[in-house]
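Numbering (UniProt numbering), first residue to last: 1 to 219.
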């Protein structure tokens with residue numbers, strides 16, 4: 001694997017995964033990841049509806065990381081004195097019948113999504129229930145309790161509009177050891193794993209493309 005800064009990119013901190021022929025020659029999974037990343041920009045450019053776009057971004061992010069679930073938040077600054085986070089989309093393979101509704105939450109560093117939106121920092125948590133002690137954010141377990149779920153590994157990535165402003169957060173949950181596993185609270189520890197650095201780089205690229213597309217066409 002080679003990590004290379006995107007030529008002419010407005011996101012110098014975002015690296016794109018490009019193929020190293022020696023490393024990938026016998027690794028079909030790595031090659032599939034490269035193909036997924038390379039087709040993202042065109043797919044997002046073709047999407048004109050905001051709901052469809054955020055659903056596509058979330059689906060792509062989950063697909064490339066084998067994530068069981070995930071969500072997308074967008075920052076609403078229509079009232080500059082009281083900006084909020086809008087919960088715009090959620091997907092969960094282990095709880096497909098659960099419906100999610102859009103809602104607004106305070107934009108503060110006390111939530112994981114709020115912290116990422118305000119700082120522009122990506123978070124890769126091995127267990128969302130046990131965040132670092134020195135950080136201000138905590139995971140809201142009420143979501144899990146309501147649907148009988150257990151969030152463990154989490155990847156939260158800021159979506160940048162291309163002008164240095166975070167307009168949203170892509171949050172992926174529970175990277176599974178196999179895509180066909182249905183997660184339950186009893187098997188989540190043995191059936192999930194932490195996100196790799198390669199996956200973090202790929203999702204950063206996806207989030208940067210998504211942020212630019214949302215800013216350009218919808219927000």
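We treat Cβ as the ideally placed atom computed from N, Cα and C, and that holds for glycine.
All figures in this text were calculated on a predicted structure; none of them were measured in a lab.
Entirely enclosed alpha helix (DSSP H) segments - the segment 61-146, minimum 4 residues: 112-119
Please go through the same chain and pick out, in chain order, the residues whose beta-carbon is closer than 7 Å to the beta-carbon of residue 151, but skip the five residues on each side of it. 128, 139, 144, 173 and 174
Around the Cβ of residue 153, are there at least 16 other Cβ atoms within 10 angstroms (buried) or fewer (exposed)? buried
Below 8 Å on the Cβ atoms is my guess for residue 179 versus residue 66; work out the distance and round it to an integer in Å. 5 Å
Inter-residue CB distance, residue 84 and residue 106 (contact presumed, cutoff 8 Å): 6 Å
For residue 124, which residues in the same chain have their Cβ closer than 6 Å to its Cβ, ignoring the five residues on either side in sequence? 155, 195 and 200
Check this for me: beta carbons of residue 115 and residue 149, under 8 Å apart or not? no
Roughly how many whole angstroms lie between the Cα atoms of residue 208 and residue 122? 12 Å
Reference residue 146; option with closest CA among 168, 100 and 162: 100
As assigned by DSSP and simplified to three states, the class of residue 177: coil
Residue 157: first and last residue of the uninterrupted beta strand (DSSP E) it sits in: 154-160
Using 10 angstroms around the beta-carbon of residue 94, count the other beta-carbons present and answer buried if the total reaches 16, otherwise exposed. The residue in question, residue 94, is buried, as its Cβ has 16 or more Cβ neighbours within 10 Å.
Under 8 Å by Cβ, that's how I've got residue 166 and residue 117 pegged, so tell me the actual separation to the nearest angstrom. Rounded, the Cβ-Cβ distance is 5 Å, consistent with contact.
Decide if residue 4 is buried, meaning its Cβ has at least 16 other Cβ atoms within 10 Å, or exposed. Note that residue 4 scores a pLDDT of 42, beneath 50, so its modelled location is shaky; the value from the coordinates is reported in the next line. Exposed, because fewer than 16 other Cβ atoms sit within 10 Å of the Cβ of residue 4.
By alpha-carbon positions, which one of 68, 160, 59 and 103 ends up nearest to residue 88? 103
Report all residues from its chain with a CB closer than 6 Å to the CB of residue 120; omit the five preceding and five following residues, and keep chain order. 158 and 166
Taking only the alpha-carbon atoms, compute the straight-line gap between residue 161 and residue 53 and give it to the nearest angstrom. 15 Å
Among the candidates 170, 110 and 78, whose CA atom is the shortest distance from the CA of residue 55? 170
If you measure between the beta carbons of residue 168 and residue 74, is that distance less than 8 Å? yes
Assuming residue 177 and residue 197 are in contact, meaning their beta carbons sit under 8 Å apart, how far apart are those beta carbons, in whole angstroms? Rounded, the Cβ-Cβ distance is 18 Å, inconsistent with contact.
Helix, strand or coil for residue 172? Go by DSSP, reduced to three states. Secondary structure at residue 172: strand, using DSSP grouped into helix, strand and coil.
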